[in-house]
Amino acid sequence: MDPKAVKSDLVLILDYGSQYTHLITRRIRSLNIFSLCISGTSSLETITSHNPKVVILSGGPHSVHTVDSPTFPSGFVEWAQKGGIFVLGVCYGLQLIVQRLGGQVDVGQKQEYGRMEIEVEKNLGVFGNKKVGDKQVVWMSHGDEAVKLPYGFEVVARSQQGAVAAVQNSEMRFFGLQYHPEVTHSPEGMDTLRYFLFDVCGVSPGWNMENVLDEEIKAINDTVGPDEHVICALSGGVDSTVAATIVHKAIGDRLHCIFVDNGLLRYKERERVTETFESDLHLSVTCVDASNEFLGKLKGVVDPEMKRKIIGKEFISIFDAFAHKLEQKLGKKPAYLVQGTLYPDVIESCPPPGSGRNPLSHYQEPS
24 MDPKAVKSDL VLILDYGSQY THLITRRIRS LNIFSLCISG TSSLETITSH
74 NPKVVILSGG PHSVHTVDSP TFPSGFVEWA QKGGIFVLGV CYGLQLIVQR
124 LGGQVDVGQK QEYGRMEIEV EKNLGVFGNK KVGDKQVVWM SHGDEAVKLP
174 YGFEVVARSQ QGAVAAVQNS EMRFFGLQYH PEVTHSPEGM DTLRYFLFDV
224 CGVSPGWNME NVLDEEIKAI NDTVGPDEHV ICALSGGVDS TVAATIVHKA
274 IGDRLHCIFV DNGLLRYKER ERVTETFESD LHLSVTCVDA SNEFLGKLKG
324 VVDPEMKRKI IGKEFISIFD AFAHKLEQKL GKKPAYLVQG TLYPDVIESC
374 PPPGSGRNPL SHYQEPS
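Counting in the working numbering, the sequence shown runs from 24 upward without gaps.
In C-alpha coordinates form, the structure reads like this:
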(Lines of atoms letter the chains of each structure in order from A; the text may use other names.)
(Lines give C-alpha, C1' and ligand atoms only; values in the text may rest on other atoms or scores of the structure.)
Protein backbone atom coordinates (compact mmCIF):
# COMPACT_ATOMS: atom_id res chain seq x y z
CA MET A 24 0.00 0.00 0.00
CA ASP A 25 1.19 3.49 -0.83
CA PRO A 26 1.59 5.39 2.48
CA LYS A 27 0.64 8.60 0.66
CA ALA A 28 -2.86 7.20 0.08
CA VAL A 29 -3.37 6.50 3.78
CA LYS A 30 -5.61 8.87 5.73
CA SER A 31 -3.64 8.68 8.99
CA ASP A 32 -0.23 9.55 10.33
CA LEU A 33 2.42 6.92 9.64
CA VAL A 34 4.30 5.00 12.31
CA LEU A 35 7.47 3.62 10.72
CA ILE A 36 9.15 0.63 12.37
CA LEU A 37 12.85 -0.04 11.80
CA ASP A 38 13.37 -3.80 12.12
CA TYR A 39 16.48 -4.97 13.96
CA GLY A 40 15.59 -8.65 14.00
CA SER A 41 13.15 -9.08 16.88
CA GLN A 42 10.73 -11.97 16.53
CA TYR A 43 8.02 -9.53 17.63
CA THR A 44 8.64 -6.77 15.06
CA HIS A 45 5.69 -7.67 12.83
CA LEU A 46 3.52 -7.93 15.96
CA ILE A 47 4.22 -4.26 16.75
CA THR A 48 2.95 -3.44 13.26
CA ARG A 49 -0.27 -5.39 13.85
CA ARG A 50 -0.85 -3.83 17.27
CA ILE A 51 -0.51 -0.31 15.91
CA ARG A 52 -2.77 -1.01 12.93
CA SER A 53 -5.40 -2.29 15.36
CA LEU A 54 -5.52 1.30 16.66
CA ASN A 55 -6.53 2.52 13.17
CA ILE A 56 -3.04 3.89 12.61
CA PHE A 57 -1.09 2.92 9.52
CA SER A 58 2.21 1.25 10.41
CA LEU A 59 4.95 0.09 8.07
CA CYS A 60 8.00 -2.08 8.80
CA ILE A 61 11.31 -1.68 6.93
CA SER A 62 14.89 -2.79 7.51
CA GLY A 63 16.63 -1.15 10.43
CA THR A 64 19.64 -0.48 8.23
CA SER A 65 17.66 1.40 5.58
CA SER A 66 19.23 4.57 4.24
CA LEU A 67 18.21 7.95 5.63
CA GLU A 68 16.73 8.75 2.22
CA THR A 69 14.50 5.68 2.41
CA ILE A 70 13.36 6.49 5.93
CA THR A 71 12.59 10.14 5.19
CA SER A 72 10.74 9.26 1.97
CA HIS A 73 7.98 7.66 4.05
CA ASN A 74 7.39 10.92 5.92
CA PRO A 75 6.56 9.27 9.27
CA LYS A 76 5.29 11.06 12.35
CA VAL A 77 6.72 8.38 14.64
CA VAL A 78 9.66 6.00 14.23
CA ILE A 79 9.96 2.89 16.39
CA LEU A 80 13.34 1.16 16.70
CA SER A 81 12.59 -2.52 17.26
CA GLY A 82 14.30 -5.00 19.52
CA GLY A 83 16.72 -7.60 18.24
CA PRO A 84 19.21 -10.31 19.24
CA HIS A 85 22.20 -7.97 19.06
CA SER A 86 24.57 -6.18 21.38
CA VAL A 87 25.55 -2.58 20.64
CA HIS A 88 29.11 -3.66 21.50
CA THR A 89 29.33 -5.99 18.49
CA VAL A 90 31.25 -4.48 15.58
CA ASP A 91 28.67 -5.36 12.91
CA SER A 92 25.56 -4.71 15.02
CA PRO A 93 22.89 -2.92 12.93
CA THR A 94 22.04 0.69 13.63
CA PHE A 95 20.13 3.64 12.21
CA PRO A 96 21.92 5.74 9.54
CA SER A 97 24.08 8.78 10.08
CA GLY A 98 21.97 11.93 10.22
CA PHE A 99 18.92 10.12 11.63
CA VAL A 100 18.94 11.94 14.97
CA GLU A 101 19.36 15.36 13.35
CA TRP A 102 16.56 14.63 10.86
CA ALA A 103 14.20 13.50 13.63
CA GLN A 104 14.88 16.62 15.71
CA LYS A 105 14.54 19.00 12.80
CA GLY A 106 11.36 17.38 11.53
CA GLY A 107 9.60 17.05 14.88
CA ILE A 108 9.63 13.25 14.65
CA PHE A 109 8.92 11.16 17.74
CA VAL A 110 11.27 8.18 18.27
CA LEU A 111 10.63 5.16 20.50
CA GLY A 112 13.31 2.54 21.11
CA VAL A 113 12.16 -0.91 22.23
CA CYS A 114 14.74 -3.13 23.99
CA TYR A 115 17.71 -3.13 21.59
CA GLY A 116 16.26 0.07 20.15
CA LEU A 117 16.55 1.77 23.56
CA GLN A 118 20.17 0.65 23.85
CA LEU A 119 20.90 2.01 20.37
CA ILE A 120 19.54 5.41 21.38
CA VAL A 121 21.58 5.48 24.59
CA GLN A 122 24.81 4.36 22.94
CA ARG A 123 24.55 6.50 19.80
CA LEU A 124 23.67 9.67 21.75
CA GLY A 125 26.62 9.43 24.12
CA GLY A 126 25.38 7.27 26.98
CA GLN A 127 26.76 3.94 28.16
CA VAL A 128 25.46 0.40 27.72
CA ASP A 129 27.13 -2.46 29.62
CA VAL A 130 26.56 -6.17 29.96
CA GLY A 131 23.90 -6.47 32.64
CA GLN A 132 24.93 -7.63 36.09
CA LYS A 133 21.62 -9.47 36.29
CA GLN A 134 20.33 -10.23 32.81
CA GLU A 135 16.55 -10.01 32.63
CA TYR A 136 14.47 -12.51 30.67
CA GLY A 137 10.77 -13.30 30.90
CA ARG A 138 8.16 -11.78 33.20
CA MET A 139 9.51 -8.93 35.31
CA GLU A 140 7.95 -6.21 37.42
CA ILE A 141 8.75 -2.56 36.80
CA GLU A 142 7.98 0.53 38.87
CA VAL A 143 7.21 4.01 37.59
CA GLU A 144 9.64 6.62 38.98
CA LYS A 145 8.28 9.64 37.10
CA ASN A 146 4.85 10.13 35.55
CA LEU A 147 6.32 11.49 32.33
CA GLY A 148 6.47 10.47 28.68
CA VAL A 149 5.09 6.99 28.03
CA PHE A 150 3.99 6.82 31.68
CA GLY A 151 2.42 10.26 31.81
CA ASN A 152 -0.91 8.64 32.68
CA LYS A 153 0.56 6.65 35.58
CA LYS A 154 1.37 7.54 39.16
CA VAL A 155 4.83 7.44 40.70
CA GLY A 156 5.14 4.07 42.42
CA ASP A 157 2.75 2.29 40.06
CA LYS A 158 3.92 -1.22 39.22
CA GLN A 159 3.19 -3.47 36.27
CA VAL A 160 4.32 -6.81 34.89
CA VAL A 161 6.20 -6.70 31.58
CA TRP A 162 8.07 -9.08 29.29
CA MET A 163 11.82 -8.51 29.12
CA SER A 164 14.54 -10.12 27.02
CA HIS A 165 17.91 -8.41 27.34
CA GLY A 166 21.47 -9.10 28.42
CA ASP A 167 22.82 -5.56 28.12
CA GLU A 168 21.52 -2.58 30.08
CA ALA A 169 21.80 1.19 30.00
CA VAL A 170 24.02 2.32 32.90
CA LYS A 171 24.61 5.95 31.93
CA LEU A 172 22.07 8.01 30.03
CA PRO A 173 22.89 10.62 27.37
CA TYR A 174 22.66 14.29 28.31
CA GLY A 175 19.06 15.43 28.72
CA PHE A 176 17.64 11.92 29.26
CA GLU A 177 16.01 10.75 32.47
CA VAL A 178 14.89 7.43 33.91
CA VAL A 179 11.12 7.05 33.96
CA ALA A 180 10.85 3.46 35.26
CA ARG A 181 13.10 0.74 36.69
CA SER A 182 12.84 -3.03 36.99
CA GLN A 183 12.54 -4.81 40.33
CA GLN A 184 16.30 -5.39 40.10
CA GLY A 185 17.00 -1.68 39.70
CA ALA A 186 17.82 -1.73 35.98
CA VAL A 187 16.60 1.00 33.64
CA ALA A 188 13.19 0.03 32.22
CA ALA A 189 12.08 3.28 30.53
CA VAL A 190 13.79 6.54 29.56
CA GLN A 191 12.89 9.78 27.85
CA ASN A 192 14.15 13.11 26.56
CA SER A 193 10.99 15.12 26.02
CA GLU A 194 12.81 18.01 24.35
CA MET A 195 14.32 15.69 21.72
CA ARG A 196 11.10 13.58 21.58
CA PHE A 197 13.19 10.42 22.13
CA PHE A 198 11.78 7.66 24.35
CA GLY A 199 12.77 4.11 25.24
CA LEU A 200 11.31 0.96 26.78
CA GLN A 201 13.52 -1.93 27.93
CA TYR A 202 10.69 -4.41 27.47
CA HIS A 203 8.18 -5.56 24.85
CA PRO A 204 4.88 -3.65 25.19
CA GLU A 205 3.44 -5.40 22.13
CA VAL A 206 3.23 -8.94 23.59
CA THR A 207 0.37 -10.29 25.68
CA HIS A 208 2.87 -11.09 28.46
CA SER A 209 2.97 -7.31 29.07
CA PRO A 210 -0.71 -6.91 30.13
CA GLU A 211 -0.60 -3.09 30.15
CA GLY A 212 1.59 -2.85 27.06
CA MET A 213 -1.19 -1.89 24.64
CA ASP A 214 -2.36 0.85 26.99
CA THR A 215 1.20 2.18 27.03
CA LEU A 216 1.44 2.12 23.22
CA ARG A 217 -1.97 3.74 22.88
CA TYR A 218 -1.10 6.52 25.33
CA PHE A 219 2.29 7.10 23.71
CA LEU A 220 0.91 7.35 20.16
CA PHE A 221 -2.23 9.38 20.85
CA ASP A 222 -1.38 11.50 23.89
CA VAL A 223 2.38 11.91 23.67
CA CYS A 224 2.87 11.96 19.89
CA GLY A 225 -0.55 13.29 18.89
CA VAL A 226 -0.97 10.74 16.12
CA SER A 227 -4.15 11.10 14.06
CA PRO A 228 -5.88 7.78 13.31
CA GLY A 229 -7.88 7.19 10.17
CA TRP A 230 -6.47 4.02 8.66
CA ASN A 231 -8.98 1.22 8.33
CA MET A 232 -8.57 -2.24 6.86
CA GLU A 233 -11.94 -1.84 5.14
CA ASN A 234 -10.48 0.96 3.01
CA VAL A 235 -7.57 -1.14 1.80
CA LEU A 236 -9.52 -3.05 -0.85
CA ASP A 237 -10.73 0.04 -2.72
CA GLU A 238 -7.27 1.61 -2.55
CA GLU A 239 -5.56 -1.54 -3.84
CA ILE A 240 -8.05 -2.02 -6.69
CA LYS A 241 -7.47 1.57 -7.78
CA ALA A 242 -3.69 1.07 -7.61
CA ILE A 243 -3.94 -2.08 -9.74
CA ASN A 244 -6.10 -0.38 -12.36
CA ASP A 245 -3.68 2.55 -12.44
CA THR A 246 -0.83 0.11 -13.09
CA VAL A 247 -2.32 -2.48 -15.46
CA GLY A 248 -3.38 -1.14 -18.83
CA PRO A 249 -6.94 -1.81 -20.12
CA ASP A 250 -5.66 -4.36 -22.67
CA GLU A 251 -2.92 -5.93 -20.55
CA HIS A 252 -3.01 -9.42 -19.02
CA VAL A 253 -1.60 -10.70 -15.74
CA ILE A 254 -0.36 -14.09 -14.50
CA CYS A 255 -0.78 -15.32 -10.93
CA ALA A 256 0.63 -18.54 -9.47
CA LEU A 257 -1.67 -19.91 -6.78
CA SER A 258 -0.59 -22.22 -3.96
CA GLY A 259 -3.77 -22.23 -1.89
CA GLY A 260 -2.08 -20.17 0.81
CA VAL A 261 -3.36 -16.92 2.27
CA ASP A 262 -1.05 -14.49 0.48
CA SER A 263 -1.45 -15.70 -3.11
CA THR A 264 -5.19 -16.31 -2.68
CA VAL A 265 -5.85 -12.83 -1.31
CA ALA A 266 -3.61 -11.25 -3.96
CA ALA A 267 -5.38 -13.12 -6.78
CA THR A 268 -8.84 -12.24 -5.46
CA ILE A 269 -8.02 -8.53 -5.29
CA VAL A 270 -6.44 -8.47 -8.75
CA HIS A 271 -9.43 -10.36 -10.18
CA LYS A 272 -11.80 -7.75 -8.72
CA ALA A 273 -9.74 -5.10 -10.49
CA ILE A 274 -9.17 -6.60 -13.96
CA GLY A 275 -11.54 -9.57 -14.18
CA ASP A 276 -10.77 -12.32 -16.69
CA ARG A 277 -7.53 -10.67 -17.77
CA LEU A 278 -6.05 -12.44 -14.74
CA HIS A 279 -4.75 -15.93 -15.60
CA CYS A 280 -4.09 -18.22 -12.62
CA ILE A 281 -1.99 -21.37 -12.50
CA PHE A 282 -1.87 -24.00 -9.75
CA VAL A 283 1.04 -26.45 -9.73
CA ASP A 284 0.84 -29.90 -8.15
CA ASN A 285 4.45 -30.51 -7.14
CA GLY A 286 3.83 -33.94 -5.64
CA LEU A 287 4.23 -32.61 -2.10
CA LEU A 288 0.59 -31.72 -1.47
CA ARG A 289 -1.73 -33.25 1.10
CA TYR A 290 -4.23 -35.94 0.09
CA LYS A 291 -6.86 -34.49 -2.29
CA GLU A 292 -5.47 -30.99 -1.73
CA ARG A 293 -5.30 -30.21 -5.44
CA GLU A 294 -8.98 -31.04 -5.90
CA ARG A 295 -10.07 -29.06 -2.83
CA VAL A 296 -7.99 -26.01 -3.73
CA THR A 297 -9.08 -25.82 -7.36
CA GLU A 298 -12.74 -26.30 -6.38
CA THR A 299 -12.46 -23.44 -3.86
CA PHE A 300 -10.86 -21.15 -6.43
CA GLU A 301 -13.40 -21.87 -9.15
CA SER A 302 -16.64 -22.34 -7.14
CA ASP A 303 -16.20 -19.92 -4.24
CA LEU A 304 -13.81 -17.28 -5.60
CA HIS A 305 -14.84 -17.59 -9.27
CA LEU A 306 -11.23 -17.71 -10.46
CA SER A 307 -10.39 -19.59 -13.64
CA VAL A 308 -7.37 -21.76 -12.81
CA THR A 309 -5.07 -23.86 -15.00
CA CYS A 310 -3.87 -26.89 -13.01
CA VAL A 311 -0.50 -28.42 -13.92
CA ASP A 312 0.56 -31.84 -12.60
CA ALA A 313 4.35 -31.62 -12.31
CA SER A 314 4.78 -34.10 -9.46
CA ASN A 315 7.15 -36.36 -11.41
CA GLU A 316 9.42 -33.46 -12.35
CA PHE A 317 9.64 -32.13 -8.78
CA LEU A 318 10.09 -35.47 -7.05
CA GLY A 319 12.70 -36.57 -9.57
CA LYS A 320 14.85 -33.49 -8.99
CA LEU A 321 14.44 -33.66 -5.20
CA LYS A 322 15.46 -37.30 -4.96
CA GLY A 323 18.46 -37.71 -2.67
CA VAL A 324 18.57 -34.03 -1.64
CA VAL A 325 18.63 -33.53 2.15
CA ASP A 326 19.71 -29.90 2.63
CA PRO A 327 16.58 -27.75 3.28
CA GLU A 328 17.88 -24.63 1.52
CA MET A 329 18.96 -26.69 -1.51
CA LYS A 330 15.45 -28.16 -1.64
CA ARG A 331 13.98 -24.64 -1.62
CA LYS A 332 16.21 -23.58 -4.49
CA ILE A 333 15.38 -26.68 -6.56
CA ILE A 334 11.66 -26.20 -5.98
CA GLY A 335 11.88 -22.50 -6.78
CA LYS A 336 13.79 -23.13 -10.01
CA GLU A 337 11.28 -25.75 -11.13
CA PHE A 338 8.37 -23.42 -10.40
CA ILE A 339 10.00 -20.73 -12.55
CA SER A 340 10.42 -23.19 -15.41
CA ILE A 341 6.73 -24.14 -15.25
CA PHE A 342 5.57 -20.52 -15.02
CA ASP A 343 7.74 -19.63 -18.00
CA ALA A 344 6.17 -22.40 -20.09
CA PHE A 345 2.69 -21.27 -18.99
CA ALA A 346 3.49 -17.68 -19.97
CA HIS A 347 4.68 -18.76 -23.44
CA LYS A 348 1.48 -20.75 -24.06
CA LEU A 349 -0.61 -17.82 -22.89
CA GLU A 350 1.32 -15.50 -25.21
CA GLN A 351 0.52 -17.73 -28.19
CA LYS A 352 -3.16 -17.77 -27.21
CA LEU A 353 -3.45 -14.01 -26.61
CA GLY A 354 -1.11 -12.84 -29.33
CA LYS A 355 0.77 -10.74 -26.75
CA LYS A 356 2.97 -11.28 -23.71
CA PRO A 357 1.39 -11.12 -20.25
CA ALA A 358 2.42 -7.78 -18.77
CA TYR A 359 2.67 -8.62 -15.06
CA LEU A 360 3.18 -11.41 -12.54
CA VAL A 361 1.22 -11.10 -9.28
CA GLN A 362 3.35 -11.26 -6.12
CA GLY A 363 1.66 -12.22 -2.87
CA THR A 364 3.85 -11.72 0.20
CA LEU A 365 3.34 -11.76 3.96
CA TYR A 366 5.42 -9.87 6.54
CA PRO A 367 7.05 -13.10 7.83
CA ASP A 368 8.31 -13.78 4.28
CA VAL A 369 9.82 -10.31 4.08
CA ILE A 370 11.49 -10.62 7.47
CA GLU A 371 12.85 -14.12 6.82
CA SER A 372 14.05 -13.26 3.31
CA CYS A 373 15.80 -10.03 4.37
CA PRO A 374 17.17 -10.50 7.90
CA PRO A 375 19.00 -7.47 9.32
CA PRO A 376 22.81 -7.51 9.01
CA GLY A 377 24.44 -8.95 12.10
CA SER A 378 21.35 -10.94 13.06
CA GLY A 379 23.09 -14.25 12.42
CA ARG A 380 20.11 -15.40 10.34
CA ASN A 381 20.61 -16.54 6.78
CA PRO A 382 18.06 -15.37 4.18
CA LEU A 383 15.49 -18.06 3.44
CA SER A 384 14.18 -18.80 -0.03
CA HIS A 385 10.37 -18.82 -0.28
CA TYR A 386 8.66 -21.13 -2.72
CA GLN A 387 5.35 -21.98 -1.04
CA GLU A 388 3.69 -18.78 -2.24
CA PRO A 389 5.25 -18.33 -5.68
CA SER A 390 2.71 -15.81 -6.93
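Ideal placement from N, C-alpha and C gives every residue a C-beta, glycine not left out. Because the structure is a prediction, the values reported are computed rather than measured.
Asked: Name the residue from I47, H88 and A103 whose alpha carbon lies nearest to the alpha carbon of V130.; Found: H88
Asked: Quick check on this structure: which residue in R49, V226 and L147 has the alpha carbon closest to the alpha carbon of Q191?; Found: L147
Asked: Tell me where the beta strand (DSSP E) around S314 begins and ends.; Found: Careful: S314 lies outside any beta strand (DSSP E), inside the alpha helix (DSSP H) at S314 to L321.
Asked: Thinking C-beta only, is P357 closer than 8 Å to V253?; Found: yes
Asked: Considering only the alpha carbon of each residue, which of L54, R138 and M213 lies closest to F150?; Found: M213
Asked: Is E101 helix, strand or coil when you go by DSSP?; Found: helix
Asked: Which residues in the same chain as V313 place their Cβ atom closer than 8 Å to its Cβ, once the five residues preceding and following it in sequence are excluded?; Found: The identity of residue 313 in the sequence shown is Ala, whereas the question assumes Val. V283, D284, N285, G286, E337 and I341.
Asked: Cα-Cα, which of L318, T71 and S193 is closest to G175?; Found: S193
Asked: Inspect the CB distances between the stretch 205 to 224 and the stretch 298 to 312 and report whether three or more fall short of 8 Å.; Found: no
Asked: Within 8 Å, do at least three Cβ pairs link the stretch 250 to 264 to the stretch 60 to 67?; Found: no
Asked: Could you say which of F197, D38 and R293 lies nearest to R123 if we only look at CA atoms?; Found: F197
Asked: Considering only residues of the stretch 26 to 106, which uninterrupted beta strand (DSSP E) runs meet the minimum length of 3 residues and lie entirely inside it, listed in chain order?; Found: 33 to 38, 57 to 62 and 77 to 80
Asked: From S378 to K355, what distance separates their C-alpha atoms?; Found: Because the pLDDT at S378 is just 49, under 50, the model does not fix this residue reliably, and the point stays unresolved.
Asked: Can you tell me the Cα-Cα spacing of R277 and V90, whole angstroms?; Found: 52 Å
Asked: Taking the Cβ atom as the reference point for each residue, do P203 and V121 lie within a distance shorter than 8 Å?; Found: Here the sequence assigns His to residue 203, which means Pro is not the residue at that position. Going by C-beta atoms, H203 is not nearer than 8 Å to V121.
Asked: Suppose contacts are defined by Cβ-Cβ distances below 8 Å. Is D167 in contact with S86 by that definition?; Found: yes
Asked: Using 8 Å as the threshold, is the C-beta distance between Y136 and G83 below it?; Found: no
Asked: Can you name the residues that DSSP bridges to T207?; Found: T207 pairs with nothing; no bridge assigned.
Asked: Opposite W162 in the DSSP bridges: which residues?; Found: R138
Asked: Secondary structure at L119, three-state DSSP: helix, strand or coil?; Found: helix
Asked: Going by C-alpha to C-alpha distance, which of Q201, L318 and E238 sits closest to A273?; Found: E238
Asked: Between V128, Y43 and K158, which lies nearest to I141 when the distance is taken from Cα to Cα?; Found: K158
Asked: With DSSP as the reference, please indicate the residues paired to G112 in a beta bridge.; Found: L80 and G199
Asked: Under 8 Å, do W162 and R138 count as touching if we go by C-beta distance?; Found: yes
Asked: Distance check for N234 and V160, CA to CA, integer angstroms please.; Found: 36 Å
Asked: Quick check on R295: buried or exposed, where buried means 16 or more other Cβ atoms within 10 Å of its Cβ?; Found: exposed
Asked: Relative to the alpha-carbon of V78, which residue among Q183, S97, L54 and A103 has its alpha-carbon at the smallest distance?; Found: A103
Asked: Could you check whether L35 and L54 sit closer than 8 Å to each other, using their CB atoms as the reference points?; Found: no
Asked: In the structure shown, what three-state DSSP assignment does Q351 receive?; Found: helix
Asked: K105 to L117, Cα distance in whole Å?; Found: 20 Å
Asked: Answer with yes or no whether the minimum CB distance from K153 to chain D is below 8 Å.; Found: This model lacks chain D altogether, as it is built from one protein chain only.
Asked: In three-state DSSP terms, what is A358?; Found: coil
Asked: Closer than 8 Å by C-beta to V311: which residues in its own chain qualify, once you throw out the five before and the five after it? Chain order, please.; Found: I281, F282, V283, D284, I341 and F345
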